[in-house]
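Following: one structure in structure tokens, then a few remarks.
Numbering (this note's numbering), first residue to last: 239 to 357.
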């Protein structure tokens, strides 16, 4: 993946760590202000929150996809196409939230909690 990053084929990337796939996509969408539509093959729905230190989501422009796939093949990195970037919602396996609503929760919850605390 590092070689692919160096070749400038990757537009953006987000590791899958704490909170799993669902939280990684949620954070990435809120921060980038771009929606996503993904179909993630799972054996159980709980796997959306399965934490892993060896997975990442990578955004590649359609015109760079074949070259990116070749690079990954050369270095033996397994990959899977799971969706596309764009739109006004975060959608993962038919579960969706409007991007505007997600951003309000992501950026607004902590300040609201702090404002309601009395010191």
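Every residue, glycine too, gets a C-beta built ideally from N, C-alpha and C. Model, not experiment: these values are computed from the prediction.
Starting from the Cα of residue i, find the closest Cα among the options and give me that residue.
i           : options            : result
residue 276 : 339, 311, 329, 270 : 329
residue 332 : 292, 260, 293      : 260
residue 283 : 303, 318, 258      : 258
residue 344 : 262, 324, 252      : 262
residue 264 : 285, 349, 303, 340 : 340
residue 325 : 351, 272, 245, 244 : 272
So for residue i, helix, strand or coil by DSSP?
i           : result
residue 269 : helix
residue 322 : strand
residue 263 : helix
residue 309 : helix
residue 278 : coil
residue 289 : coil
From what residue to what residue does the beta strand (DSSP E) around residue i run?
i           : result
residue 249 : 248-254
residue 327 : 327-330
residue 348 : No beta strand (DSSP E) contains residue 348, which is instead part of the alpha helix (DSSP H) from 337-354.
residue 301 : No beta strand (DSSP E) holds residue 301; DSSP gives it neither H nor E.
Can the beta-carbon of residue i be found closer than 8 Å to that of residue j?
i           : j           : result
residue 335 : residue 327 : yes
residue 274 : residue 281 : no
residue 251 : residue 315 : no
residue 290 : residue 256 : no
residue 248 : residue 298 : yes
With 16 as the cutoff for other CB atoms within 10 Å, does residue i come out buried or exposed?
i           : result
residue 309 : buried
residue 351 : exposed
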